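Engineer:
In our numbering, the protein residues as written are 1 to 786.
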């Protein structure tokens, strides 16, 4: 008889099963069978389930959860998987015996007790029924201690959200009078509710209370908490509070107070409301230290003339732990970019007199290393070459930690991996390191089906199918599921259908065309839009092909050719002659070139960096096209990170459109408009600019706009906004006179959801030209992106 045991579950139970299995070897029952040396590959003639203890799980359920079947071929690997699968019911082992010309499989299992009831003691803030929702074990199911531990965490969490920062929950499993059943008792020690009113400081003569509060994660309720009671403001979490005290001490070290410490934390109850407290944080600052001299010790490859200029913390300055860490990083980058893979730096702080310290950076340079091999693991779906082409280093090159950091950022930015780890390892070849890249893949395909509502195009249903790591040659008959994945290509199929629009788009991007960092995109599209004007409907369909070439890590150029058919139809019979003259079909053949420089730290929610674009497009008479226009555009956006996770954004745009010969007609679909959710939010969509005699927008040929926006956090994924917009659209090209400009101020909310950012804004016009409405407007865009 052979034993195949998977190490799962409680160690004592496993030992008990092994002893029972050993006893079976000498039992009269097992003596009649021939012991098998190798059951692998033999036919399974019989499966028997033997219970250790109570029989709380039916034999049929156990057999149904096994892949080993009577009549199948025995496999140790399959049996091992069966043991892991049976862990749902208890601790299992699998034995084999010779029987009837094949193998008898004996499943030895000690099942878990079934849950008879869940009992709570000590809870007054929440009823039993509410706490029971956090226990993911139903009556009659097996008692699972992992799920019980999760229940403890979940129960404590709902108490903390309600202000019970001292909550403590434990449990005990008791034998039920019925055989095979157990009851679980949760013991709840609620403590007293602590709703935060104020955070006070004592002893902070050198750093203001406002600055100390800014480094804390726990916040006073304040106006935001009063208006939005569902936020975590005004709530105390002891674990977060402990980290906050460390942040306060670190802030003091950044200002030179090396000996500063939080000596006490008091919760002061409010007499009129005992559930509310003030936090009093008592600080002992100690003296502020300055830097005497700064030395570098252990440097031989480079001299002080090269290394000292890297240091920003110099003699005579106030000591700062933050600046010292930044200096260490600069030294690491300097050596790491020059092949010193084993470089290490250790700061040494020494007393140099009253309130003065000397700082020494002790270096261990190591030797120059080259890269021997780059080993990539974890990419089960993504092709190896897709990951390698993102690397800024190659085998045989000098080891460069800065380029490796760039490589990690590139791999993360692909969106294919949830985690990227890059580690060097020693080799038997002197002067060479192997680079080991460990990847954790994530889902890259997405199907979205739903509906949204927009102040621009009203109700819209949508279907979006995207795959950001596609392989259009990965057909089902060539590989297993998932299909069409792993080559880094981008696929998108989008359909929009609503009361005022219908859209279809199919696009494919090969990011490494011709094995170069050159993105080739092909796009087919159709759009029928009724929301652009009250007097006509616009339909356009066509094909576009583009090439995007990186210039630097932060910039690229994009060249595009687009051929499309545009139709202006369904003209209102009361429309002006100006709009009626636009009726008809136009074939447009357009070449575009655009340069972009983008240093934003995030595409989803940028806090720092800028984006600059400059583009030109020409619609000429080639390929039988009828449109002869050109367009020039400039755009600039700057994001500035401010205290308390607030963000200031400045955005500006300038555009001009004109006929190629200076006097040719510019059709209405190529003219410029402002107004609505994306620019001047205090005005109707496309309502800023020239109009006909009936007040219908007809667009202009010169545009300029600017936006100032300040956003602040409310809760996770939700931010508030204050904004100011200003801009104008003039009838003629290159007419930048701003006598008829429009402006507005407003407030808004930003929701950052997986489907994309949702914006809700209310803008109030400040200045309006004679042709525009001066009432406030509510702009929103919910539920979809296009």
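All C-beta atoms in this analysis are idealised placements derived from N, C-alpha and C, irrespective of residue type, glycine included.
Owing to the predicted nature of the structure, the values given are computational and were not obtained by experimental measurement.
#1: Kindly indicate which three-state DSSP category residue 252 falls into: helix, strand or coil?
#2: Check whether the Cβ atoms of residue 107 and residue 125 lie closer than 8 angstroms to each other.
#3: Residue 523 to residue 565, Cα distance in whole Å?
#4: Return the CA-CA distance between residue 278 and residue 199, expressed in angstroms with no decimal places.
#5: Output the boundary residues of the alpha helix (DSSP H) element that contains residue 336.
#6: Which word fits residue 64, buried or exposed, when buried means at least 16 other C-beta atoms lie within 10 angstroms of its C-beta?
#7: From residue 620 to residue 660, what does the alpha carbon distance come to, in whole angstroms?
#8: According to DSSP, which residues form a beta bridge with residue 610?
#9: Roughly how far, in whole angstroms, is the beta-carbon of residue 486 from the beta-carbon of residue 471, given that I think they are within contact range, below 8 angstroms?
#10: Tell me, please, which residues DSSP counts as bridged to residue 622.
#11: Taking the alpha helix (DSSP H) that residue 83 belongs to, which residues open and close that run?
#12: Can you list, in chain order, the residues of its chain with a C-beta nearer than 7 angstroms to that of residue 115? Leave out the 5 residues immediately preceding and following it.
#13: Using a Cβ-Cβ cut-off of 8 angstroms (strictly less than) and excluding sequence neighbours within five positions of residue 298, which residues of its own chain qualify?
#14: Does the Cβ-Cβ distance between residue 697 and residue 681 come in under 8 angstroms?
#15: Ordered along the chain, which non-local residues of its own chain (more than five positions away) have a Cβ less than 8 angstroms from that of residue 213?
#16: Does DSSP put residue 440 in a helix, in a strand, or in coil?
#17: Judging by CA-CA distance, which residue of 59, 55, 161, 85 is the nearest neighbour of residue 67?
#18: Pairing CB atoms from the stretch 305-313 with CB atoms from the stretch 369-376, are three or more of them under 8 angstroms?
#19: Of the choices 411, 584, 404, 171, whose alpha-carbon is the least far from that of residue 435?
#20: From residue 768 to residue 591, what does the alpha carbon distance come to, in whole angstroms?
#21: Taking C-alpha atoms, which residue in 600, 533, 337, 669 lies nearest to residue 588?
#22: Quick one: using the 10 Å Cβ neighbour count with 16 as the cut-off for buried, is residue 623 buried or exposed?
#23: Only counting runs of 4 or more residues, tell me where the alpha helix (DSSP H) segments fall wholly within the stretch 347-397, in order along the chain.
#24: Measure the beta-carbon distance from residue 509 to residue 490 and round it to whole angstroms, keeping in mind my assumption that it falls under 8 angstroms.
#25: What does a CB cutoff of less than 6 angstroms around residue 392 pick up in its chain, not counting 5 residues either side in sequence?
#26: Grab the span of the beta strand (DSSP E) containing residue 304 for me, first residue to last.
#27: Keeping to the same chain, check which residues put their C-beta closer than 6 angstroms to that of residue 134; ignore five residues upstream and five downstream.
#28: Could you tell me the distance, in whole angstroms, from the CA atom of residue 519 to the CA atom of residue 736?
#29: Entirely within the stretch 161-249 and at least 4 residues each: give me those alpha helix (DSSP H) ranges in chain order.
#30: For the beta strand (DSSP E) that residue 627 lies in, which residues bound it at each end?
#31: Comparing alpha-carbon positions, which option in 574, 260, 319 lies nearest residue 285?
#32: Check whether the Cβ atoms of residue 742 and residue 757 sit closer than 8 angstroms, and answer yes or no.
#33: Quick check on residue 550: does DSSP put it in helix, strand or coil?
#34: So what does residue 591 bridge to, in DSSP terms?
#35: Considering only the alpha carbon of each residue, which of 732, 715, 740 lies closest to residue 726?
#36: Figure out for me which residue from 593, 597, 606, 542 has the closest Cα to the Cα of residue 585.
Structural biologist: The short version:
#1: Mapped onto the chain shown, residue 252 falls at position 252. Here residue 252 sits in helix by DSSP.
#2: Within the chain shown, the letter at position 107 stands for residue 107. Within the chain shown, the letter at position 125 stands for residue 125. No, the pair does not count as a contact, with Cβ atoms beyond the cut-off.
#3: Counting from 1 along the chain shown, the entry for residue 523 is found at position 523. Counting from 1 along the chain shown, the entry for residue 565 is found at position 565. The straight-line gap from Cα to Cα measures roughly 14 angstroms.
#4: Translated into the one-based positions of the chain shown, residue 278 becomes position 278. Translated into the one-based positions of the chain shown, residue 199 becomes position 199. Distance between the alpha carbons of residue 278 and residue 199 is about 6 angstroms.
#5: For the purposes of this step, residue 336 is identified with residue 336 of the chain shown, where counting begins at 1. 321-336 is the span of the alpha helix (DSSP H), which, as asked, contains residue 336.
#6: As a first step, residue 64 is located in the chain shown; it is residue number 64 there, counting from the start. Counting Cβ neighbours within 10 Å, residue 64 comes out exposed, since fewer than 16 surround it.
#7: By one-based count along the chain shown, residue 620 stands at place 620. By one-based count along the chain shown, residue 660 stands at place 660. Straight-line Cα distance between these residues: approximately 8 angstroms.
#8: To locate residue 610, count along the chain shown from 1; it is residue 610. DSSP, once it has assigned bridges, lists 638 as partnering residue 610.
#9: Here residue 486 corresponds to residue number 486 of the chain shown, with the count starting at 1. Here residue 471 corresponds to residue number 471 of the chain shown, with the count starting at 1. Right, their Cβ atoms sit about 5 angstroms apart.
#10: Within the chain shown, residue 622 is the residue found at index 622, counting from 1. Its beta-bridge partners do not exist; DSSP assigns none.
#11: Within the chain shown, residue 83 is the residue found at index 83, counting from 1. Looking at the DSSP string, the run of the alpha helix (DSSP H) that includes residue 83 is 76-85.
#12: Start at 1 with the first residue of the chain shown, and residue 115 comes out as number 115. Around residue 115: 137, 139, 140, 141, 143, 182, 184.
#13: As a working note, residue 298 is residue 298 in the chain shown. Result list for residue 298: 362, 363, 364, 365, in chain order.
#14: The residue labelled residue 697 in the question sits at position 697 within the chain shown. The residue labelled residue 681 in the question sits at position 681 within the chain shown. Contact flag unset, no.
#15: Indexing the chain shown from 1 puts residue 213 at position 213. Taken in chain order, the residues that qualify are 199, 219, 220.
#16: The count along the chain shown starts at 1 and reaches residue 440 at position 440. Three-state DSSP puts residue 440 in a strand.
#17: Locating residue 67 in the chain shown gives position 67, counting from the first residue. Among 59, 55, 161, 85, the Cα nearest to that of residue 67 belongs to 85.
#18: no
#19: As a position in the chain shown, residue 435 is number 435, starting the count at 1. For residue 435, the nearest C-alpha among the options comes from 404.
#20: On the chain shown, residue 768 is found 768 positions in, with the first residue counted as 1. On the chain shown, residue 591 is found 591 positions in, with the first residue counted as 1. Those two C-alpha atoms are separated by around 36 angstroms.
#21: In the chain shown, the residue the question calls residue 588 occupies position 588. Minimum Cα distance to residue 588 is reached at 669.
#22: By 1-based counting over the chain shown, the position of residue 623 is 623. Answer is exposed; the Cβ neighbour count stays below 16.
#23: 384-388
#24: Along the chain shown, one-based indexing puts residue 509 at 509. Along the chain shown, one-based indexing puts residue 490 at 490. Sure, about 4 angstroms apart at Cβ, within 8 angstroms.
#25: Within the chain shown, residue 392 is the residue found at index 392, counting from 1. These residues qualify, in order along the chain: 403, 406, 407.
#26: Counted from its first residue, the chain shown places residue 304 at position 304. Here residue 304 belongs to no beta strand (DSSP E); instead the alpha helix (DSSP H) covers 304-307.
#27: For the purposes of this step, residue 134 is taken as the residue at position 134 of the chain shown. Counting only Cβ-Cβ distances below 6 angstroms, and skipping sequence neighbours, we find 151, 154, 155.
#28: The count along the chain shown starts at 1 and reaches residue 519 at position 519. The count along the chain shown starts at 1 and reaches residue 736 at position 736. The alpha-carbon atoms of residue 519 and residue 736 are separated by roughly 36 angstroms.
#29: 209-214, 222-227
#30: Along the chain shown, read from residue 1 onward, the residue named residue 627 stands at position 627. No beta strand (DSSP E) holds residue 627; DSSP gives it neither H nor E.
#31: What you label residue 285 is simply residue 285 of the chain shown in a count that begins at 1. The shortest Cα separation from residue 285 among 574, 260, 319 belongs to 260.
#32: Within the chain shown, the letter at position 742 stands for residue 742. Within the chain shown, the letter at position 757 stands for residue 757. Taking 8 angstroms as the Cβ cut-off, residue 742 and residue 757 do not qualify as a contacting pair.
#33: In the chain shown, the residue the question calls residue 550 occupies position 550. Residue 550: strand per DSSP, three-state reduction.
#34: As a position in the chain shown, residue 591 is number 591, starting the count at 1. Partner(s): 561, 618.
#35: For the purposes of this step, residue 726 is taken as residue 726 along the chain shown, with counting starting at 1. With distances taken between Cα atoms, residue 726 lies closest to 740.
#36: Mapped onto the chain shown, residue 585 falls at position 585. For the residues 593, 597, 606, 542, the minimum Cα distance to residue 585 belongs to 542.
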